[in-house]
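Trainee: According to numbering that gives the first Met the number 0, the residues represented by the sequence shown are 0 to 505, in order. Submitted below is the structure of interest, expressed as structure tokens.
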Amino acid sequence: MRFISVVLLVILTWGCSSTQKTQTPKDDGQIEFVIIQMNDVYEIAPLGGGKYGGLARVAHLKDSLSAINPNTFLVMAGDFLNPSLIGTLKLDGQRIYGKQMVETLNAMGLDLATFGNHEFDIGREALQARINESEFAWTSGNVMEVNEDRKTYFNKNRNIGNVALKPYYIWSMKDADGTTLNVGFASSCIDSNPKDFVSYEPVFSTLESDLTELIPQSDIQLGLTHLTVEQDTEVANRFPALRLIMGGHEHNNMSVPTNNATVVKADANAKTVYVHRFLYNKATDALIIDSELVPIDDTMPNQAATQAVVDKWDAILQSKLKEVVADPNEIIYTATTPLDGTDSASRGIQTNLGGIITEAMAVAFDKPAQAAMVNGGSIRIDDQLSGNVSSLDIFRVLPFGGHIVKVDMTGALLIKTLNYGLEKRGKGAYLQRFNIDRNARGEWMLGPSEIDPEGVYSIALSDFLLKGYDIPFLTAEHPEVLGVYTPSADEKAGDIRRAVIEFLKG
Numbered sequence: 000m001r002f003i004s005v006v007l008l009v010i011l012t013w014g015c016s017s018t019q020k021t022q023t024p025k026d027d028g029q030i031e032f033v034i035i036q037m038n039d040v041y042e043i044a045p046l047g048g049g050k051y052g053g054l055a056r057v058a059h060l061k062d063s064l065s066a067i068n069p070n071t072f073l074v075m076a077g078d079f080l081n082p083s084l085i086g087t088l089k090l091d092g093q094r095i096y097g098k099q100m101v102e103t104l105n106a107m108g109l110d111l112a113t114f115g116n117h118e119f120d121i122g123r124e125a126l127q128a129r130i131n132e133s134e135f136a137w138t139s140g141n142v143m144e145v146n147e148d149r150k151t152y153f154n155k156n157r158n159i160g161n162v163a164l165k166p167y168y169i170w171s172m173k174d175a176d177g178t179t180l181n182v183g184f185a186s187s188c189i190d191s192n193p194k195d196f197v198s199y200e201p202v203f204s205t206l207e208s209d210l211t212e213l214i215p216q217s218d219i220q221l222g223l224t225h226l227t228v229e230q231d232t233e234v235a236n237r238f239p240a241l242r243l244i245m246g247g248h249e250h251n252n253m254s255v256p257t258n259n260a261t262v263v264k265a266d267a268n269a270k271t272v273y274v275h276r277f278l279y280n281k282a283t284d285a286l287i288i289d290s291e292l293v294p295i296d297d298t299m300p301n302q303a304a305t306q307a308v309v310d311k312w313d314a315i316l317q318s319k320l321k322e323v324v325a326d327p328n329e330i331i332y333t334a335t336t337p338l339d340g341t342d343s344a345s346r347g348i349q350t351n352l353g354g355i356i357t358e359a360m361a362v363a364f365d366k367p368a369q370a371a372m373v374n375g376g377s378i379r380i381d382d383q384l385s386g387n388v389s390s391l392d393i394f395r396v397l398p399f400g401g402h403i404v405k406v407d408m409t410g411a412l413l414i415k416t417l418n419y420g421l422e423k424r425g426k427g428a429y430l431q432r433f434n435i436d437r438n439a440r441g442e443w444m445l446g447p448s449e450i451d452p453e454g455v456y457s458i459a460l461s462d463f464l465l466k467g468y469d470i471p472f473l474t475a476e477h478p479e480v481l482g483v484y485t486p487s488a489d490e491k492a493g494d495i496r497r498a499v500i501e502f503l504k505g
């Protein structure tokens, strides 16, 4: 009814325009704006056989909301440059490392991004290239770049030279009747990814300092963070100036009320986004926030410009995957229980996904290995797989590929390797295993029997694990490595992804 009334009013006003002068609307002191929130997005194309996600769909949503209210803003709450399957591929001799994501976000019209811990996976040089390529703003909060013994904010190289990223960001807007508003964004990132070129300043003291500068320059302050929900909750309780905290890091949607602001996070990979509608009264400082979790699925159209970029990168991806499997999009498995590929689980506990990968490794040979191990850091999806699982999903789980080797080793070396992996819990060297466990006394068992230090065992390993990168002493040259079988490229064990795909299909 409101829309019809507005249309009738427009028609009547237009009909009388010959006798009346057009009047400028009076500033009513109220302003409405919209923020679309994404977080933890690693894939640009839809997942689950096209059922959910897809950044061209999010771009369509932004266009639709912008047509209603031009003051519509799209933000990313960290983790988008890595990990991704496309990002691990090489183009013109260099790893893509998030180039596809920046190009897609540029096409979407992303307005603002903050760092997530995975942005630093790709290294200083690649990260700088992605920042330079971005057409959107960044805010760096408590994250600084380390150059020798000097710390500075990260920067973007523009035509005028290097421009430092700001620890906070201000969005200035005006509505149709002339009401103006400055919205300030304060940001912070979790310190869970140590790199020699990154310094994570303390979360709370840095936010306090940033807000001291931000509050006098803005009418409203919001949080755009990449922290744990516990940290976000503490931020909300410590800093009542923040009216809403739009966060990332967890991969499942949540809306967590606190004593002050609400902490909100959408689902990873744009399965959902949050749409926040704000109505602010400048005279009274009253702010109404209506937050809606919007599913991004196959009922939503694609925006053409963004879809063209997605199609370009998908063609590159498909050509690479078809070198390994004939149909990358084939549904090979249905996960009624989600398969846990999150970083924290893969690097800290035995998971159901780790068990599937390692069992597939063991049986990938004509004569199966007795057991199998893979470093948890090889599992890069940092997500859970549920419902229909395609071959493409397995490539997302194990983007770096590589072959499987069958190693004859002494029981003593096997025990030493397992103990080292256990000591590295929380790191990439933690071992996912098949047919190996610990008994109540803490002794390592292979099947029903305790591992004999004097025995010899046939163990399937990823070729990466046998190169000594994560476990320094585990190499083919170790004197207690008694034999190594390396498969040919066309054997099932010639590519770990192909071995897992064939195992799940079987």
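Glycine residues also receive a C-beta, built at the ideal position from the N, C-alpha and C atoms.
#1: According to the neighbour-count rule (16 or more other Cβ atoms, all chains shown, within 10 Å of its Cβ), is N38 buried or exposed?
#2: Run the CB neighbour count on Q220, radius 10 Å, all protein chains shown included, and call it buried at 16 or more, exposed below.
#3: Here's a check: name, in chain order, each residue in its chain whose Cβ is nearer than 8 Å to the Cβ of A235, leaving out the five neighbours to either side.
#4: Kindly indicate which residue of N252, M444 and F119 has the alpha-carbon position closest to the one of V228.
#5: Where does R242 fall in DSSP's three states?
#6: In terms of DSSP beta bridges, what is N301 paired with?
#7: Could you tell me the distance, in whole angstroms, from the CA atom of I450 to the CA atom of N438?
#8: When burial is assigned at 16 or more other CB atoms within 10 Å of the CB, is I331 buried or exposed?
#9: For S208, does the three-state DSSP call read helix, strand or coil?
#10: Cβ atoms of P398 and P82: under 8 Å apart, would you say?
#11: Taking the straight line between their C-alpha atoms, what separation do you get for I214 and G140?
#12: From K20 to Q29, what does the alpha carbon distance come to, in whole angstroms?
#13: What does a CB cutoff of less than 7 Å around A359 pick up in its chain, not counting 5 residues either side in sequence?
#14: What's the call for F472, buried or exposed, on a 16-neighbour Cβ count within 10 Å?
#15: Measure the alpha-carbon distance for G427 versus R346 and round it to whole angstroms.
#16: In the DSSP output, what is Y168 paired with across the bridge?
#17: Would you say T138 and F184 are within 8 Å of each other, going by their C-beta atoms?
#18: From T87, D296, D62 and D78, pick the residue whose C-alpha is nearest to that of T45; which is it?
#19: So if DSSP puts E31 in a beta bridge, which residue, or which two residues, is it bridged to?
#20: Is the region 186-199 close to the region 154-162, with three or more CB pairs under 8 Å?
#21: Kindly provide the ranges of any beta strand (DSSP E) runs that are 3 or more residues long and lie completely inside the region 95-143, ordered along the chain.
#22: Look at the alpha carbon of T416 and the alpha carbon of N434, and state the distance between them as a whole number of angstroms.
#23: For chain D, check one thing: does any of its Cβ atoms lie closer than 8 Å to the Cβ of Q317?
#24: According to the Cβ coordinates, are G441 and Y429 closer than 8 Å?
#25: So the beta strand (DSSP E) T341 belongs to, where does it begin and stop?
#26: If distances are taken between C-alpha atoms only, which option among F364, I356 and F32 comes closest to V182?
#27: The alpha helix (DSSP H) with E291 in it runs from where to where?
#28: On the DSSP letters alone, give me the boundaries of the beta strand (DSSP E) that G509 sits inside.
#29: Would you decide whether M75 is buried or exposed? Buried here means 16 or more other CB atoms lie within 10 Å of its CB.
#30: Quick one, which of G177, N154 and T113 has its alpha-carbon nearest Y168's?
#31: Quick test of the definition: if touching needs 3 or more C-beta pairs under 8 Å, does the region 335-343 touch the region 380-387?
#32: I need the boundaries of the beta strand (DSSP E) containing N156, first residue and last residue.
#33: Going by DSSP, what residue range makes up the beta strand (DSSP E) through Y199?
#34: Counting Cβ pairs, one atom from each stretch, are 3 or more of them under 8 Å apart for the region 83-96 and the region 50-58?
#35: If I'm right that A368 touches L445 with Cβ under 8 Å, what's the distance once you round it to whole angstroms?
#36: Tell me whether the beta-carbon of V404 lies closer than 8 Å to the beta-carbon of V455.
Mentor: Taking the coordinates as given:
#1: buried
#2: buried
#3: G222, L241, I244, T257, N258, N259, A260, T261 and V262
#4: N252
#5: strand
#6: Answer is none; N301 lacks a bridge partner.
#7: 11 Å
#8: buried
#9: helix
#10: yes
#11: 15 Å
#12: Below a pLDDT of 50, predicted positions are generally treated as unreliable, and K20, at 49, falls in that range; no measurement from the model is reported.
#13: A498, V499 and F502
#14: exposed
#15: 6 Å
#16: F184
#17: yes
#18: A small correction: the amino acid at residue 45 is Pro; Thr does not occupy that position in the sequence shown. Of the candidates T87, D296, D62 and D78, the one whose C-alpha sits nearest the C-alpha of P45 is D296.
#19: L278
#20: no
#21: 111-113 and 136-138
#22: 15 Å
#23: Considering every chain present, this structure includes no chain D. It has just one protein chain.
#24: no
#25: Taken as a continuous stretch (DSSP letters only), T341 belongs to no beta strand (DSSP E), as it is neither H nor E.
#26: F32
#27: Not the alpha helix (DSSP H): E291 falls in the beta strand (DSSP E), residues A285 to P294.
#28: In the structure as shown, the chain starts at 0 and stops at 505, and residue 509 therefore has no counterpart that could be examined.
#29: buried
#30: T113
#31: yes
#32: N154 to R157
#33: V197 to Y199
#34: no
#35: Not confirmed; about 11 Å, so no contact.
#36: no
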